[in-house]
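Those protein sequences? They're chains A and B, same order as listed.
Quick note on our numbering: the first sequence kicks off at 1 and runs consecutively.
Quick note on our numbering: the second sequence kicks off at 1 and runs consecutively.
Have a look at the structure below, then the notes.
There are 2 protein chains.
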Amino acid sequence: MRIGELSERTNTSRRLLRYYEEQQLIVSTRSANGYREYDERLADRVMQIRGLLDAGLPTRIIKQILPCLDKPRTIHFSDATPEMIATLTLERDRMTERINCLIRNRDAVADYLEAVSGTGDPEVVVARAGSGTGDPEVVIARAGTGAATA
Amino acid sequence: MRIGELSERTNTSRRLLRYYEEQQLIVSTRSANGYREYDERLADRVMQIRGLLDAGLPTRIIKQILPCLDKPRTIHFSDATPEMIATLTLERDRMTERINCLIRNRDAVADYLEAVSGTGDPEVVVARAGSGTGDPEVVIARAGTGAATA
DNA sequence: TGAAACCCTCACATATATGTGAGGGTCAAC
DNA sequence: GTTGACCCTCACATATATGTGAGGGTTTCA
Numbered sequence: 001m002r003i004g005e006l007s008e009r010t011n012t013s014r015r016l017l018r019y020y021e022e023q024q025l026i027v028s029t030r031s032a033n034g035y036r037e038y039d040e041r042l043a044d045r046v047m048q049i050r051g052l053l054d055a056g057l058p059t060r061i062i063k064q065i066l067p068c069l070d071k072p073r074t075i076h077f078s079d080a081t082p083e084m085i086a087t088l089t090l091e092r093d094r095m096t097e098r099i100n101c102l103i104r105n106r107d108a109v110a111d112y113l114e115a116v117s118g119t120g121d122p123e124v125v126v127a128r129a130g131s132g133t134g135d136p137e138v139v140i141a142r143a144g145t146g147a148a149t150a
Numbered sequence: 001m002r003i004g005e006l007s008e009r010t011n012t013s014r015r016l017l018r019y020y021e022e023q024q025l026i027v028s029t030r031s032a033n034g035y036r037e038y039d040e041r042l043a044d045r046v047m048q049i050r051g052l053l054d055a056g057l058p059t060r061i062i063k064q065i066l067p068c069l070d071k072p073r074t075i076h077f078s079d080a081t082p083e084m085i086a087t088l089t090l091e092r093d094r095m096t097e098r099i100n101c102l103i104r105n106r107d108a109v110a111d112y113l114e115a116v117s118g119t120g121d122p123e124v125v126v127a128r129a130g131s132g133t134g135d136p137e138v139v140i141a142r143a144g145t146g147a148a149t150a
């Protein structure tokens, strides 16, 4: 697909798609006329990038994280230098901190909303945690706690 | 306490503390000589601000979220205009999205690390979720999944 | 009295992710 | 063959969070 389609599918400006490529977060081939040609799978990747950027990670870090997400992981094992491992470990922990911070504050906001408006549409929040050696882990779901929605 | 102490306690440059004040995220009184004087509690607040900034929230939004965190919440009920509620609801949901995105990616990174280095120090991750009408909710904790730490 | 360690304001500089637009090709349809 | 919708590169602009430093007070302590 070309840049216009990817742009629409991911709701991301063409300018940004070119920027992500410049930052080596995505790749493209060029067709004869010089137009960028994108793989289907890139749509997902772009969404991932946007999410991470929105969560405060700089492109420099995202670039290092993205390979961890590829399906046939075996290919990337070779890149696993000690420095890379160290970086990823650090970033993993920073992400966990961010998560905890966001959860704390999100919950505070949610509490406030429920307190102030009776029922701030009690939402189902699902969070997959863990990710050990493969076993599917705990899933938590919070349902409304008594106060019925209008 | 004065700005120097707050700066050290929160590991935040004086420049940034003044900036946060300018953005109305924190307040200070002035002593006779014009020096800023800070309340003890501000140290926590500054940490909170830094966490949220790091998680991608702009000061404009943080300013609206912070009042939700104050203990005697009753005081702030008056500010609860419909627009404010709408903003907070939106931001709560955006935070949840961020959380889910971060969890997904953090777990992917963690998986990668465990796969590549045997045991990437299996960490305990605690996440308080929910936050309903007061009842303490589910707590998930992931322990090492077999592979013992060195 | 002078040096050191604080504090103040103001202004300019930087990095990062983005927007906008100029100047110019390609291609399909009419 | 011209028009409209694409695409390209390049460059400049903007917002936000930060750093840096100048120019200048205050307090403390020798």
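For each residue, glycine too, the CB sits at the ideal point set by N, CA and C.
Where residue 112 of chain B is concerned, the enclosing alpha helix (DSSP H) starts and stops at 82–116. Put simply, of B:48, B:57 and B:7 the residue whose alpha carbon is nearest the alpha carbon of residue 70 of chain B is B:48. If you ignore the 5 residues before and after residue 102 of chain A, its C-beta comes within less than 6 Å of no other C-beta in its own chain. When the Cα atoms are used, residue 63 of chain B and residue 42 of chain A turn out to be separated by approximately 36 Å. Excluding its 5 nearest sequence neighbours in each direction, residue 29 of chain B has C-beta neighbours in its own chain below 7 Å: 37, listed in chain order. Residue 110 of chain B and residue 12 of chain B have their C-alpha atoms roughly 29 Å apart. Of all residues in the stretch 49–61 of chain B, only 51, 52, 54, 55 and 56 place a beta-carbon less than 7 Å from a beta-carbon of chain A. Apart from sequence neighbours up to five positions away, the residues of its chain that approach residue 1 of chain A with a beta-carbon distance below 6 Å are 38, ordered along the chain. Using a CB distance cut-off of 9 Å, residue 21 of chain A does not count as an interface residue toward chain B. Ranked by how close their Cα comes to the Cα of residue 113 of chain B, the residues A:92, A:114 and A:4 have A:92 in first place. Taking the CA atoms as reference points, residue 51 of chain B sits about 13 Å from residue 99 of chain B. Taking each of A:85, A:66, A:82 and A:58 in turn and checking the Cα distance to residue 27 of chain A, the smallest one comes out for A:66. Below the 8 Å Cβ cutoff, chain B contributes 80 and 85 as neighbours of residue 117 of chain A, in chain order.
Within chain B, 65, 68, 88, 91, 92 and 95 have C-beta atoms less than 8 Å from the C-beta of residue 109 of chain A, given in sequence order. Interface annotation, residue 106 of chain B: in contact with chain A, CB-CB separation under 9 Å. The C-alpha of residue 33 of chain B is placed about 42 Å away from the C-alpha of residue 54 of chain A.
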